[in-house]
Amino acid sequence: MEKKYKFGFIGTGAYGSALANALTTNNYEVIMYGINEKEISDINNGLNTKYFNQTKFTNPELISATKSLEYVLDNSEIIVLAVPSFAIGDVIDKIIELRSDQKFNIINIAKGFESSTRMFFSEFIKQKMKNNLNGFATILGPSFAQELFEKKTTVINIIGDDIKFNKLVAQAFRTDYFALSQMNDWFMAELFASLKNTLAIGMGILSHYDDSKNTTIAFLTMGVKEILAIYNKIAKEKKYKSMFDFSTFGDVVLTCTSDKSRNYSYGKYLAENGLERANSEYTSTVEGKEAAKVLAEILYVEKIQTTIFKLIISILMGKTEPDKINSFLKISKEIV
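Numbering-wise, the sequence shown is residues 84 to 419 according to the numbering used here.
So this is what it looks like as structure tokens:
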């Protein structure tokens, strides 16, 4: 009989709640740490109305929430870091402050670059918690929280050096509608997870000015080729045989073509209302903006030539008007 590990979630957001629901589907016990009294009360009543209205968790008796981080740390065998990416550093500092001599099994769901170090979040977490880690894995790939919570068929990747831990995590989350697939090139997975958000902003901007499918696919394909060029320039160890995996090809298609994508929607909003209004009025998290800042440094330092990403970065920095997005082929030097 398989052991039913207790999972602790740091954060009560939409994606964490959707993942927690998958675990309760398999009869795993989940404790969630949060700071919002209303969300905590909701979860203790079997639902998260902020994100999923009146739809209850699959097995609400198996999920609870608390404002006590210590309680979650002491009563969980596997911890899922499910806070917004900007809060990751502070949360890790708090965990280490509370339990400096304890080792944890950690699952990371944050994607993108940590702005102060230019590290991927998986690298950043491993470095900060190097004395406090047992197992560690990152899960990432094409998935909207709402659809995962609604039990729409979803497959994403799990990456990490500990294959045994990866398999344990994948088995815990495996349901009739959700699966984690092992990917061995963590760098490629992380790079696509970061840069597809910036590319999605560009796709959203483009959609406002040109609804041509030919143009859309040309822009998207050139963007993907540029991600691969960046990978080939900066990856120290290249393991990939193909970019066709869930967290690479799959996540690009999902994030860059759907109004459900925050980054794509932000791009459309920017094109419709201008950069200043978009930055002041668009309240959802837009990871692609932060990724664009880090990418600008990488492109400069590594002397990497791009057309699509430099154009998107220039628009986000206010140096180029959004309506110039459709000039990408005219200014491209890589296509004869």
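Ideal placement from N, C-alpha and C gives every residue a C-beta, glycine not left out.
Glu-112 sits in coil when the DSSP states are folded into three classes, being neither helix nor strand. Between the beta-carbon of Phe-135 and that of Tyr-111 there is about 19 Å, and that puts the pair past the 8 Å contact cut.
Shortest Cα-Cα distance from Ile-190 to any of Met-202, Gly-285, Ala-375 and Lys-250 involves Lys-250.
Going by beta carbons, Asn-240 and Phe-329 fall inside the 9 Å limit.
Here DSSP, grouped into helix, strand and coil, assigns Met-212 to coil. Secondary structure note for Ser-341: it is in no beta strand (DSSP E), with a DSSP letter that is neither H nor E. 9 Å or more divides the Cβ of Ile-171 from the Cβ of Leu-181. Contact between Glu-122 and Thr-95 holds, since their C-beta atoms are separated by about 5 Å, short of 8 Å. Shown here for Thr-200: same chain residues with a beta carbon closer than 7 Å to its own, the five before and five after excluded, namely Phe-207 in chain order. When secondary structure is reduced to three states using DSSP, Gly-357 falls in the coil class, being assigned neither helix nor strand.
Contact fails between the stretch 344-354 and the stretch 257-267, because fewer than three Cβ pairs, one in each stretch, are under 8 Å apart. Under the three-state reduction of DSSP, Val-384 is assigned to helix. Going by C-alpha positions, Asp-184 is about 16 Å away from Tyr-154. For Ala-301, the uninterrupted alpha helix (DSSP H) run begins and ends at 296-317, by DSSP. The bridge partners DSSP lists for Ser-159 come to none.
Take Asp-125, set aside five residues on each side of it, and the residues of its chain with a beta-carbon closer than 6 Å to its own are Asn-131 and Thr-132, in chain order. C-alpha of Asp-176 to C-alpha of Leu-311: approximately 34 Å in a straight line. A straight-line Cα-Cα distance of about 8 Å links Leu-282 and Leu-303.
As a beta-bridge residue in DSSP terms, Glu-197 pairs with Met-202. Taking Asn-188 as the centre and dropping the five residues before and after it, the same chain places the C-beta of Ile-161, Asn-217 and Gly-218 closer than 6 Å to its C-beta, in chain order. The beta carbon of Ala-318 sits closer than 6 Å to those of Phe-270, all from its chain and outside the five residues before and after it, given in chain order.
Ranked by Cα distance from Phe-227, the first of Val-384, Asn-346 and Ile-414 is Asn-346.
One thing to note: Ser-348 has its Cβ within 9 Å of the Cβ of Gly-287.
Leaving aside the five residues that flank Pro-405 on each side, the residues in its chain whose CB is nearer than 8 Å to its CB run, in chain order, Ile-288, His-291, Tyr-292, Leu-353, Ala-354, Gly-357, Leu-358 and Ile-398.
The beta carbon of Gly-401 lies closer than 7 Å to those of Leu-358 in the same chain, with the five residues before and after it left out. Taking a 10 Å sphere around the C-beta of Asp-294, we find fewer than 16 other C-beta atoms and assign the residue as exposed. Among the bridge pairs identified by DSSP, Ile-241 is matched with Ile-222 and Gln-265.
Here the C-alpha atom of Ile-242 lies approximately 11 Å from the C-alpha atom of Gly-224.
With a contact defined as Cβ atoms closer than 8 Å, Ala-103 and Val-113 qualify at about 5 Å. Listed in chain order, the non-local C-beta contacts of Cys-339 below 7 Å within the same chain comprise Lys-279, Leu-282, Ala-283, Met-286, Leu-303 and Tyr-347, local neighbours out to five positions each way being set aside.
Checking the DSSP bridge columns, you'll see Ser-397 has no partner listed.
Taken through DSSP and simplified to helix, strand or coil, Ile-189 comes out as strand. In this model, Lys-150 and Met-305 are separated by some 46 Å (Cα to Cα).
Here Thr-107 has Val-113, Phe-140, Thr-141, Asn-142, Pro-143, Leu-145 and Ile-146 as same chain residues with Cβ atoms under 8 Å from its own Cβ, once five neighbours each way along the sequence are excluded.
Between Thr-236 and the set Ile-93, Thr-258 and Ala-374, the nearest pair of CA atoms involves Thr-258.
Rounded to whole angstroms, Glu-273 and Gly-195 show a C-alpha spacing of 7 Å.
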